[in-house]
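Residue numbers (my numbering): 5 to 70.
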């Protein structure tokens with residue numbers, strides 16, 4: 005249950021980090037924006053390679069095959 009909630013929240017967090025990075029690069033400071041975009045990439049990689057996400061996908065596959 006917790007893994008499913010986390011997998012729903014991570015895409016929104018990644019999108020928020022991307023938007024914040026773009027806004028910071030355009031309007032505030034290029035260095036700060038670059039740091040936020042780096043955090044976005046790290047968050048996206050974490051989301052894609054998350055063990056909780058992978059196990060949730062495997063359990064969904066098992067449920068679909070039954």
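Glycine residues also receive a C-beta, built at the ideal position from the N, C-alpha and C atoms.
Fair warning: this is a prediction, and the values are worked out from it, not measured in the lab.
Fill in: Between the CA atoms of residue 35 and residue 16 - distance to the nearest angstrom
Near 23 Å, if we compare the C-alpha coordinates of residue 35 and residue 16.
Practice prompt. Pull up the distance between the alpha-carbon of residue 50 and that of residue 27, whole angstroms please.
Written response: Note on geometry: alpha-carbon atoms of residue 50 and residue 27 lie some 23 Å from one another.
Worksheet entry | Nearest-angstrom Cα separation, counted from residue 12 out to residue 42 | C-alpha separation (whole angstroms): 21 Å.
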